[in-house]
Amino acid sequence: MNFLSLIAIGSLSVLSVSALAAGDQKINCKTTSSQTPYYYGWASCFASGKLLQEYVSRSSTQWYTIEETEFDGIDWTTYRCSTTLTQQGYDTHTRESCEYTPKAQITSHLVESHYDRRTDTTYYEAGVIVADFTYSDRDGQVQKVEKWVNGVSTTRGHVDITSRSTVKLRVTDNDGHVTETSMTLSPPMIEQCRRGGMLILCGDDFH
């Protein structure tokens, strides 16, 4: 295997899309509690002179209707009456409310130069890799976005990296929360290829 192939093998991992995300973290969380009543106990009332009784283990309302159907040998008769449940309990519910830091993400990908349909091979340019900046805020709005390449400010949504560089992204949301992330990128030294979903060496080695 020649020296060029060794270089290519060492740089194949560059082809995979890489991503570095930060933020979107809970902060300033508060827990609140609330109680919901429920009713239970023996319910009894009269319907057409007939005493109806039923034990109720749980009801969302205090007013409860008892219904009972009987067969007297000739007809079916339904008895129905309503009463109130005298015993009361409570369910406790807790709820967490939080603020979130903004999300800042840097992703990178290679630049596709062309696709060879005959061999199902996609070729990627050497000497360049693209850094993309994305950001969002789960519970509000992004108010300020700052981006740098090797310490130099940029306003572009993506930048072409042609030499080993460090890119940085800082995001501030409407609550004043700040998230910062950075990534160091090195463009591939030689052309790279993907065939059938797999990274391969370009050239004659795989023919």
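Here the sequence shown stands for residues -21 to -1, 1 to 186, where the numbers follow mature numbering (1 follows the signal peptide of the UniProt record, and there is no 0).
The C-beta atom is built at its ideal place from N, Cα and C for all residues, glycine as well.
Since the structure is predicted, the reported quantities are computational estimates derived from the model, not experimental observations.
### Task
Using the Cα positions of Gln41 and Gln67, report the straight-line distance between them to the nearest angstrom.
8 angstroms
### Query
How would you call Gly136, buried or exposed, if buried means at least 16 neighbouring beta carbons within 10 angstroms?
exposed
### Query
Could you check where the beta strand (DSSP E) with His88 kicks off and where it finishes?
Unbroken beta strand (DSSP E) run through His88: 82 to 95.
### Query
If you run the structure through DSSP and keep just helix, strand and coil, what is Ser61?
strand
### Query
Are any of the Cβ atoms in chain B nearer than 8 angstroms to that of Thr113?
Among the chains of the structure shown, chain B does not appear; only one protein chain is present.
### Residues near Thr151 in its chain [Cβ-Cβ closer than 6 angstroms; skip 5 each side]
Gln122, Lys123, Val157
### Task
Round the Cβ separation of Lys82 and Asp3 to the nearest angstrom and send it over; I've been treating them as touching at under 8 angstroms.
4 angstroms
### Query
For Asp116, which option in His72, Asp99, Gln84, Gly130 has the closest C-alpha, if you only look at C-alpha atoms?
Gln84
### Buried or exposed by the 16-neighbour rule on C-beta atoms within 10 Å, applied to Val146
buried
### Query
Residues in its own chain within less than 7 angstroms of Cys24 by CB, not counting five upstream and five downstream?
Apart from the 5 residues on each side of it in sequence, Cys24 sits with its Cβ closer than 7 angstroms to the Cβ of Leu31, Ile45, Cys60, Ser61, Thr62 in its chain, given in chain order.
### Query
Among all the DSSP beta bridges, which residues are the ones paired with Ile179?
Cys172
### Task
Quick one: grab the DSSP three-state call for Pro167.
Correct three-state label for Pro167: coil.
### Query
From Leu180 to Gln171, what does the alpha carbon distance come to, in whole angstroms?
6 angstroms
### Enclosing beta strand (DSSP E) for Arg149 [first to last residue]
144 to 152
### Query
Candidates Thr48, Arg96, Leu148, Ser38: which alpha carbon is nearest Thr86's?
Leu148
### Counted within 10 angstroms of its Cβ, other Cβ atoms place Ser144 as buried (16 or more) or exposed
So Ser144 ends up on the buried side.
#### Entry: Straight-line Cα distance separating Ile108 from residue 188
Residue 188 lies beyond the stretch modelled for the chain, which goes from -21 to 186, so this question has no answer here.
### Message
Just to check my reading of the structure: Thr80 and Ile6 have Cβ atoms closer than 8 angstroms, yes? What is that Cβ distance to the nearest angstrom?
### Response
Contact holds; Cβ gap of about 6 angstroms.
### Query
What are the partner residues of Val157, as DSSP defines its beta bridges?
Thr151
### Message
Please identify the residue among Tyr19, Asp95, Leu89 whose C-alpha is closest to the C-alpha of Met168.
### Response
Of all alpha-carbon atoms in Tyr19, Asp95, Leu89, the one lying nearest the alpha-carbon of Met168 is that of Leu89.
### Message
Give me the residue from Gly175, Ser12, Thr73, Thr141 with the minimum Cα distance to Thr98.
### Response
Gly175
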